[in-house]
Amino acid sequence: MTKKQFISILESRLAALPPGERWEFIQDVESHFVIGMQNGRTEEEIARELGDPFEMAKEALGDRYVDMEMPAPATVRRPSAIGKYAVGTGLFFCALVTVPFLAALWSGGVAIALGALATLLSPVLVLLDYIVNGTFYPAKLFLSISLIGIGIFLGYATRSAMVGLLSLTLRYSRWNTRLLKGRDAQ
54 MTKKQFISIL ESRLAALPPG ERWEFIQDVE SHFVIGMQNG RTEEEIAREL GDPFEMAKEA
114 LGDRYVDMEM PAPATVRRPS AIGKYAVGTG LFFCALVTVP FLAALWSGGV AIALGALATL
174 LSPVLVLLDY IVNGTFYPAK LFLSISLIGI GIFLGYATRS AMVGLLSLTL RYSRWNTRLL
234 KGRDAQ
């Protein structure tokens, strides 16, 4: 990319800046080109060193940056009151299926967690059995020790299941909120 192309892109992208600030920024970039060419480098090398002019303009604009590809907020259509009621009604009927399904998934996750806890506590249960009944069976002890391994595995499965369920529930909730507020479901 040549100096002229680089500066042209910057000027077009920095149109939101006040003229004095834009002129100062462009002069700074041009001075990089002048100093670099005095040191024997080509315009293309200097442009590569400066980086992407689009990113440079985005950083210079900061909060004032507007993505040229996205529609302006004023062009986003908001649904009418009837549209909101229709969306709300649709979400209600969707929730009649989704909420019990999520509840069943959460019940399964809690069951896995309780199973993990029970298998991890199995040696304590064997000890309580010995105290209450007064009989000791080595097979019960060895079984409870092996159940600890299963409990550790279930503990990891519980963590993964709970993270997935929480993510799924939050995404469903956000989707409902986006639709009710009138934003496109993305």
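In this text, residue positions in the sequence shown follow our numbering: the first is 54, and each later residue adds one. Using N, Cα and C, we set each Cβ at its ideal position, and we do this for glycine too. On a predicted model such as this, the values are computed, not experimentally measured, just so you know.
**Q.** Limits of the unbroken alpha helix (DSSP H) element including Leu167
**A.** Position 114 of the sequence shown holds residue 167. Annotation: the continuous alpha helix (DSSP H) that includes Leu167 extends over Ala134 to Leu173.
Q: Give me the Cα-Cα distance between Pro176 and Ala192, rounded to the nearest whole angstrom.
A: If you number the sequence shown from 1, residue 176 lands on position 123. If you number the sequence shown from 1, residue 192 lands on position 139. Pro176 and Ala192: Cα-Cα distance of roughly 12 Å.
Q. Can you round the beta-carbon distance between Leu67 and Ala110 to whole angstroms, since I take them to be within the 8 Å contact cut?
A. Here residue 67 refers to the residue found at position 14 when the sequence shown is read from its first residue. Here residue 110 refers to the residue found at position 57 when the sequence shown is read from its first residue. Taking a contact as a CB-CB distance under 8 Å, the pair Leu67 and Ala110 counts as one, their CB atoms being some 5 Å apart.
(Q) Does Gly93 pass the burial test, meaning 16 or more other C-beta atoms within 10 Å, or should it be called exposed? (A) For this step, residue 93 is matched to residue 40 along the sequence shown. Exposed, by the Cβ-count rule.
Q) Where does the unbroken alpha helix (DSSP H) through Leu200 begin, and where does it stop? A) Walking along the sequence shown from the start, residue 200 turns up at place 147. It spans Pro191 to Lys234 - the alpha helix (DSSP H) in which Leu200 sits, taken as one unbroken run.
**Q.** Pro106: first and last residue of the uninterrupted alpha helix (DSSP H) it sits in
**A.** As a first step, residue 106 is located in the sequence shown; it is residue number 53 there, counting from the start. Per DSSP, Pro106 belongs to the alpha helix (DSSP H) from Pro106 to Leu114.
Q.
Can you tell me whether Val185 is buried or exposed? The criterion is at least 16 other CB atoms within 10 Å of its CB, across all chains shown.
A. Mapped onto the sequence shown, residue 185 falls at position 132. In this structure Val185 is exposed. Its beta-carbon is surrounded by fewer than 16 other beta-carbon atoms within 10 angstroms.
Q | Straight-line gap, Asn229 to Leu219 (C-alpha atoms, nearest Å) | A | Within the sequence shown, residue 229 is the residue found at index 176, counting from 1. Within the sequence shown, residue 219 is the residue found at index 166, counting from 1. The straight-line gap from Cα to Cα measures roughly 15 Å.
Q. Roughly how many angstroms separate the alpha carbons of Leu196 and Ala166, rounded to a whole number?
A. Here residue 196 is taken as the residue at index 143 of the sequence shown, counted from 1. Here residue 166 is taken as the residue at index 113 of the sequence shown, counted from 1. Between Leu196 and Ala166, the C-alpha separation is close to 20 Å.
Q. Which word fits Pro106, buried or exposed, when buried means at least 16 other C-beta atoms lie within 10 angstroms of its C-beta?
A. Position 53 of the sequence shown holds residue 106. Buried.
Q | Phe206 classed as buried or exposed, judged by whether at least 16 other C-beta atoms fall within 10 angstroms | A | If you number the sequence shown from 1, residue 206 lands on position 153. Around the beta carbon of Phe206, fewer than 16 other beta carbons lie within 10 angstroms, which makes this residue exposed.
Q | Terminal residues of the alpha helix (DSSP H) in which Arg94 lies | A | Along the sequence shown, one-based indexing puts residue 94 at 41. First-last for Arg94: undefined, no H or E at that position.
Q: Hey, could you find the ends of the alpha helix (DSSP H) Leu63 is sitting in?
A: As a position in the sequence shown, residue 63 is number 10, starting the count at 1. Element bounds for Leu63: Lys56 to Arg66.
Q | Cβ-based neighbour list, Pro124, same chain, cut-off 7 Å, excluding 5 preceding and 5 following | A | The residue you call residue 124 lines up with position 71 of the sequence shown. Confidence in Pro124 is poor, its pLDDT being 48 and thus under 50, which makes the residue's placement too unreliable to answer from.
(Q) Using only CA atoms, which one of Met54, Ala139 and Phe189 lies nearest to Gly235? (A) To locate residue 235, count along the sequence shown from 1; it is residue 182. Measuring from the Cα of Gly235, the nearest candidate turns out to be Ala139.
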